[in-house]
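J.: For the sequence shown, the working numbering assigns the number -8 to the initial residue and increments by one for each residue that follows.
Just so you know, even glycine gets a beta-carbon here, dropped at the ideal spot from N, CA and C.
Keep in mind it's a predicted model, so treat the numbers as computed, not measured.
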Amino acid sequence: MKGNIMIFTPLWLLLCWMSPEDSMAAPKKIQLSMELNSVDDMYSVCRDAMMKEIKEKYLEKEKDKKWTKPAINECTKNFLDKITTGPLTEDQVRAICLYTDKIVYKPFNEAVRTEGKKYGDKDNDHLFEYHLLHYQLTSAIQILNEHQNPNPEGSDKKCLTVYRRTKDIYNGDQNQVIRFGMFASSSLKKDLYSFGTITCFQIETCFGAALTDYEMNEGQQEVLIPPYEQFKITEIHDGVGKYGKLKDCNKVFILKNAGHKSYLNCKLVPTQTE
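#1: Using the C-alpha atoms, what's the distance from Lys54 back to Gln167?
#2: Leaving out five residues before and five after Lys258 in sequence, what residues of the same chain have Cβ atoms less than 8 Å from its Cβ?
#3: Roughly how many whole angstroms lie between the Cα atoms of Leu237 and Asp114?
#4: For the pair the stretch 37 to 52 and the stretch 226 to 240, tell me if three or more CB-CB distances fall below 8 Å.
#5: Measuring alpha carbon to alpha carbon, tell me which residue in Pro78, Ala17, Gly199, Tyr49 is nearest Gly250.
#6: Determine the burial state of His117: buried for a count of at least 16 other Cβ atoms within 10 Å of its Cβ, exposed for fewer.
#7: Return the chain-ordered list of same chain residues with a C-beta closer than 6 Å to the C-beta of Ile74, the five sequence neighbours on each side being excluded.
#8: Compare the Cα-Cα distances from Leu124 to each of Asn136, Gln139, His138, Phe99 and report the closest residue.
#9: Please report the straight-line C-alpha distance between Asn248 and Phe222, rounded to a whole angstrom.
#10: With distances taken between CB atoms, is the gap from Leu135 to Tyr154 smaller than 9 Å?
#11: What's the C-alpha gap between Lys180 and Val36?
#12: Look at the alpha carbon of Leu128 and the alpha carbon of Ala86, and state the distance between them as a whole number of angstroms.
#13: With respect to the alpha helix (DSSP H) encompassing Thr75, which residues constitute its N-terminal and C-terminal limits?
#14: Which residues in the same chain have their Cβ closer than 7 Å to the Cβ of His138, if we skip the five residues on either side of it in sequence?
#15: Which value, in whole angstroms, describes the spacing of the CA atoms of Cys150 and Ile194?
#16: Around the Cβ of Thr76, are there at least 16 other Cβ atoms within 10 angstroms (buried) or fewer (exposed)?
#17: Does the Cβ-Cβ distance between Ile132 and Leu215 come in under 9 Å?
#18: Would you mind stating whether Tyr254 and Ser29 have Cβ atoms separated by less than 9 Å?
#19: Note down the Cα distance separating Asn256 from Thr105, rounded to an integer number of angstroms.
#20: Quick one: which unbroken alpha helix (DSSP H) runs of 4-plus residues sit fully inside the stretch 13 to 50? Chain order, please.
#21: Excluding sequence positions up to five away, which residues of its chain have a Cβ less than 7 Å from the Cβ of Ser178?
#22: For Gln242, count the other beta carbons within 10 Å of its own beta carbon; 16 or more makes it buried, fewer makes it exposed. Which is it?
#23: Name the residue from Thr203, Phe192, Met173, Ser185 whose alpha carbon lies nearest to the alpha carbon of Lys252.
#24: Run through the stretch 188 to 233 for me and flag every whole beta strand (DSSP E) of 3 or more residues, listed as ranges in chain order.
#25: Determine the extent of the alpha helix (DSSP H) in which Val260 is found, giving its start and end residues.
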């Protein structure tokens, strides 16, 4: 089984990593925006309370959402040494494994991007099916970001320059502030050509986290950006060859970190000081 995962995980990433659409799908036209319908909870000042809420209300009914499927169990086992010595819990590592699953990735990120109105609504909250995965993946990103930044709240906070390639047509305006509104995959490498050349992004992320130590497909150098991080479009280069670092791309957006915005922060639980 372990050998099979090592073979098939790269295929999952080729199918879904960096772009939410299938590799053979026709390009979509996407308007960059603040994605106001995003489930963008960052659990600031309510981590413990939300963990309690997850255990009491969502764990039993959501853990069957592929949480314990054999391939995810095997993926998690591959990182047992890092679970023992590293900063993440087993459930946080499991969330990273599940995020790359070819069956879960698309519906999960689509729900995160579009189902904010259901989240925290007592009549509709049950319709958002990924509280467990969202919480554990968000926590994993935050913890890794903290460990990768010696002074995460200080002026010397470390930001990363990453690249995101897509096969869709994105539109936006210079100086516009936007969010991806989902868990957006990117890479420290700019030459992963198979992920697309239609619209590319060079991104300064200060809240994303490198998943290097938890990659099944070593060499991707993936950095995962949370839904709540904001960016300002500082440059737009339209046309192949117009931007040297990504000269094969039809269009390139240069994004700079512009802080973060979580409209649904601690929506499900009373806030507390932690």
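T.: Taking the definition as stated:
#1: The residue labelled residue 167 in the question sits at position 176 within the sequence shown. The residue labelled residue 54 in the question sits at position 63 within the sequence shown. The straight-line gap separating the alpha-carbon atoms of Gln167 and Lys54 is approximately 39 Å.
#2: Numbered from 1 along the sequence shown, position 267 holds the residue referred to as residue 258. Answer for Lys258: Asp32, Tyr110, Gly111, listed in chain order.
#3: One-based indexing of the sequence shown puts residue 237 at position 246. One-based indexing of the sequence shown puts residue 114 at position 123. Using only the alpha carbons, I get a separation of about 46 Å.
#4: No: the two stretches stay apart, fewer than three of their Cβ pairs being nearer than 8 Å.
#5: Indexing the sequence shown from 1 puts residue 250 at position 259. Considering only Pro78, Ala17, Gly199, Tyr49, the residue with the shortest C-alpha distance to Gly250 is Gly199.
#6: Here residue 117 corresponds to residue number 126 of the sequence shown, with the count starting at 1. Burial call: exposed.
#7: Position 83 of the sequence shown, counting from 1, holds the residue named residue 74. Here the set comprises Glu81, Val84.
#8: As a first step, residue 124 must be located in the sequence shown, where it is residue number 133. The closest CA to that of Leu124, considering only Asn136, Gln139, His138, Phe99, is found on Phe99.
#9: Your numbering for residue 248 matches position 257 in the sequence shown. Your numbering for residue 222 matches position 231 in the sequence shown. Spanning the two alpha carbons is a distance of roughly 5 Å.
#10: Looking up residue 135 in the sequence shown gives position 144. Looking up residue 154 in the sequence shown gives position 163. Contact flag unset, no.
#11: As a position in the sequence shown, residue 180 is number 189, starting the count at 1. As a position in the sequence shown, residue 36 is number 45, starting the count at 1. In a straight line, the C-alpha of Lys180 is about 34 Å away from that of Val36.
#12: As a first step, residue 128 is located in the sequence shown; it is residue number 137 there, counting from the start. As a first step, residue 86 is located in the sequence shown; it is residue number 95 there, counting from the start. Rounded to the nearest whole angstrom, the CA to CA distance from Leu128 to Ala86 is 5 Å.
#13: For the purposes of this step, residue 75 is identified with residue 84 of the sequence shown, where counting begins at 1. Counting along the chain, Thr75 sits inside the alpha helix (DSSP H) bounded by residues 71 to 76.
#14: Indexing the sequence shown from 1 puts residue 138 at position 147. Once the five neighbours on either side are set aside, the close Cβ partners of His138 are Pro78.
#15: The sequence position of residue 150 within the sequence shown is 159, counting from 1. The sequence position of residue 194 within the sequence shown is 203, counting from 1. Cys150 and Ile194: Cα-Cα distance of roughly 10 Å.
#16: One-based indexing of the sequence shown puts residue 76 at position 85. Thr76 is exposed by the Cβ-count criterion.
#17: What you label residue 132 is simply residue 141 of the sequence shown in a count that begins at 1. What you label residue 215 is simply residue 224 of the sequence shown in a count that begins at 1. Taking C-beta atoms as the reference points, Ile132 and Leu215 count as a pair closer than 9 Å.
#18: For the purposes of this step, residue 254 is identified with residue 263 of the sequence shown, where counting begins at 1. For the purposes of this step, residue 29 is identified with residue 38 of the sequence shown, where counting begins at 1. For Tyr254 and Ser29, yes; Cβs fall inside 9 Å.
#19: The residue given as residue 256 occupies position 265 in the sequence shown. The residue given as residue 105 occupies position 114 in the sequence shown. When rounded, the distance between both Cα atoms is 16 Å.
#20: Taken in chain order, the whole alpha helix (DSSP H) runs of length 4 or more contained in the stretch 13 to 50 are 38 to 44.
#21: Position 187 of the sequence shown, counted from the first residue, corresponds to residue 178. Result list for Ser178: Val153, Tyr154, Gln211, Gln212, Glu213, Val214, in chain order.
#22: In the sequence shown, residue 242 corresponds to position 251, counting from 1. At residue 242 the sequence reads Lys, which differs from the Gln that was named. Buried is the call here.
#23: For the purposes of this step, residue 252 is taken as the residue at position 261 of the sequence shown. Comparing alpha-carbon positions, the option among Thr203, Phe192, Met173, Ser185 lying closest to Lys252 turns out to be Met173.
#24: For the stretch 188 to 233, whole beta strand (DSSP E) runs of length 3 or above, ordered along the chain, are 190 to 196, 213 to 216, 220 to 229.
#25: Your numbering for residue 260 matches position 269 in the sequence shown. Neither: Val260 is in no alpha helix (DSSP H) and is coded neither H nor E.
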